[in-house]
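To start, the structure itself, in structure tokens.
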Amino acid sequence: SAPHREKMEAWKASKPFVTGSMSGCMATFCIQPIDMIKVRIQIGGAEGGSTSPVEVTKQLLKEDGVTGMYRGLSAGLTRQVFYT
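FYI, the numbering for the sequence shown is 75 to 158, going by our numbering.
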């Protein structure tokens, strides 16, 4: 039927963008904790704090818990949806 064919054509055209956005979001979710630690190390180096990944991680978990590792995730996910 014509409506079904139009939907399939629309999906075929948008599929690379949808799957690219989804894979970018998954990668961002996985890498976010590592990126957060990297940023804290950079801040620590600039401000005279610890630059040890282990110490930075311990401090982050102590202060903010696991959810602290994902602070700023929404910005990263939004970026992936629009730019991937």
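Virtual Cβ for every residue (Gly too), placed ideally from N, Cα, C.
Coil, strand or helix - residue i by DSSP
i: T125; result: coil
i: S75; result: coil
i: G146; result: coil
i: G139; result: coil
is_contact[residue i, chain D] using C-beta, thresh 8 Å
i: V92; result: Among the chains of the structure shown, chain D does not appear; only one protein chain is present.
Separation of residue j from residue i, as counted between CA atoms
i: D162; j: V128; result: The question about residue 162 has no answer here: the residues shown for the chain are numbered 75 through 158.
i: R153; j: I117; result: 23 Å
i: T141; j: S95; result: 23 Å
Residue i, buried or exposed, once every other Cβ within 10 Å from all chains shown has been counted against 16
i: T102; result: buried
Own chain residues within Cβ distance below 8 Å of residue i, not counting five before or after
i: A120; result: none
i: L135; result: G142 and M143
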